Structures are given as C-alpha cells and as structure tokens.
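Asker:
In our numbering, the protein residues as written are 883 to 1067.
#1: Relative to the C-alpha of residue 1005, which residue among 981, 992, 1011, 1026 is closest?
#2: Assuming the contact rule is C-beta atoms closer than 8 Å, residue 989 and residue 1023 should be a hit. Round their C-beta distance to whole Å, please.
#3: Check the DSSP bridge columns for residue 976 and list the partner residues they point to.
#4: According to DSSP, residue 963 sits in a beta bridge with which residue or residues?
#5: Is it the case that the Cβ atoms of residue 976 and residue 962 are separated by a distance below 8 Å?
#6: Using the rule of at least 16 other Cβ atoms within 10 Å of the residue's Cβ for burial, across every protein chain shown, is residue 992 buried or exposed?
#7: What residue does the beta strand (DSSP E) around residue 934 start on, and which one ends it?
#8: In the DSSP assignment, what are the bridge partners of residue 1005?
#9: Please report how far the alpha carbon of residue 1031 lies from the alpha carbon of residue 985, in whole angstroms.
#10: Are there 16 or more other CB atoms within 10 angstroms of the CB of residue 1056, so buried, or fewer, so exposed?
#11: Taking 8 Å as the limit between beta carbons, can you name the residues of its chain near residue 997, skipping five residues before and five after?
#12: Taking 8 Å as the threshold (C-beta atoms), are residue 945 and residue 959 in contact?
#13: For a test of the three-state rule: what should DSSP assign to residue 1018, helix, strand or coil?
#14: On a CA-only basis, which of 964, 966, 978, 967 is nearest residue 943? Give me that one, please.
#15: Roughly how many angstroms lie between the CA atoms of residue 964 and residue 955, to the nearest whole one?
Below you can see the structure in the form of structure tokens.
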C-alpha cells in the first residue's frame, strides 16, 4: 500500500482515511488497484501494512482461495498468522507464487516445484533439473514439429484419399505403436 512513513504517530483510537495504490513486484501479478480504507493508525504502521489476507491475495493474483490453501498445504507458500478465520501472508508470497507460476508454465509438477524451495523458505533451484526440463521441452518441440509437418503434408497431399497416401499410412502406423506402448504402461 502507499507509504505512510511521513504520518506522525497518533493515539491508537485515531482513524484516518487513505486512498492507496497497490502494485505487485512481479509482471505475472502486475495489477493496480485503488481502494479507500478507514483504519486506526498505529505507531508502527509499516509492519501491519506488509500483510495481506487470503481474500485480497486471491483477488490480486486471480488464484482461488482454495488453490492458495492447497499451495500452503503443499508448503509452496506459508501464512504468517490469522485475522479471524482468514489466513495472513507477508509480501514475499507474491514472489513465491510467481515462482510457482513460472514452474507450472515450464511444465514442472507441484512436487518438482516444492524442491525449488529450501527448508528455510528461500528459493534454491537445482540447475541440473532446469537443464533436464529444457532438454525435455526441446524433445517435445521436435515431436510437435514432426506432427505439424505431417499434418501440413496430409492437408496438401495430391492423393485422392488420405488413406492412399504412403506418408499418412506411416503416420497412422507410428501413432498406433505409440498408443499401444502407452497402454502397456
């Protein structure tokens, strides 16, 4: 929220109305929200401004609260307390969620993403694992390029029927073999 460091300490019973503009620090969650709040001023307001409840976190990230609770259960994020029944998180949760989103977009499972974090909660990504995932993605790209090339050939094939095309016959034979292998697993 907007910095209120210039506000002089006031008694706990005093209230102030402030319009705050909030930006998250990662492009994946880049959103701007302006809201008006009436809140009691506290002597150390900065520490209370660094927490966010699960409802606001859900709103700002677009993730359902159930997903956030599941991520907490999996130790991908951690709450720092509660306000009533709502979980509270500190500002580092945005960075952790951005790392989870990046891992998911790269095709990592949640179990693999869990290994991105060390026991103290800091990011500790195994570079070997990143190289292995990059090689896996390269293989997938090659396979998809072959499929694309085959589809383009079939779409432009001069044969009167696709079943008369030798390349199409070969593609069907390979696909049937892959399906049989997958069924045996």
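Where is the CB? At the ideal position from N, CA and C, for every residue including glycine.
Here the structure is a predicted model, which means the values were calculated and not measured.
Answerer: Based on what the coordinates show:
#1: Here residue 1005 is taken as the residue at index 123 of the chain shown, counted from 1. Answer by Cα proximity: 981.
#2: The count along the chain shown starts at 1 and reaches residue 989 at position 107. The count along the chain shown starts at 1 and reaches residue 1023 at position 141. Incorrect: roughly 12 Å between the Cβ atoms, too far for contact.
#3: Taking the chain shown and counting its residues from 1, one reaches residue 976 at position 94. For residue 976, which the question treats as bridged, DSSP gives no partner whatsoever.
#4: To locate residue 963, count along the chain shown from 1; it is residue 81. DSSP, once it has assigned bridges, lists 970 as partnering residue 963.
#5: As a working note, residue 976 is residue 94 in the chain shown. As a working note, residue 962 is residue 80 in the chain shown. Against a cut-off of 8 Å, the Cβ pair of residue 962 and residue 976 comes out as no contact.
#6: The residue you call residue 992 lines up with position 110 of the chain shown. That one is exposed.
#7: Against the chain shown, residue 934 aligns to sequence position 52. Where residue 934 is concerned, the enclosing beta strand (DSSP E) stretches over 933-935.
#8: Taking the chain shown and counting its residues from 1, one reaches residue 1005 at position 123. Paired residues: 999.
#9: Sequence index remark: in the chain shown, residue 1031 carries index 149 (1-based). Sequence index remark: in the chain shown, residue 985 carries index 103 (1-based). Each residue's Cα considered, the two are about 29 Å apart.
#10: As a position in the chain shown, residue 1056 is number 174, starting the count at 1. Counting Cβ neighbours within 10 Å, residue 1056 comes out exposed, since fewer than 16 surround it.
#11: Position 115 of the chain shown, counted from the first residue, corresponds to residue 997. Only residues of its own chain outside the window of five on either side were considered, and among them 1008, 1011 have a CB closer than 8 Å to the CB of residue 997, listed in chain order.
#12: Here residue 959 refers to the residue found at position 77 of the chain shown. Here residue 945 refers to the residue found at position 63 of the chain shown. No, these two residues do not count as a Cβ contact at 8 Å.
#13: Here residue 1018 corresponds to residue number 136 of the chain shown, with the count starting at 1. Helix, per DSSP.
#14: Residue mapping note: residue 943 aligns to position 61 of the chain shown, counting from 1. The residue among 964, 966, 978, 967 with its C-alpha nearest the C-alpha of residue 943 is 978.
#15: Within the chain shown, numbered from 1, the residue matching residue 964 stands at position 82. Within the chain shown, numbered from 1, the residue matching residue 955 stands at position 73. Residue 964 and residue 955: Cα-Cα distance of roughly 15 Å.
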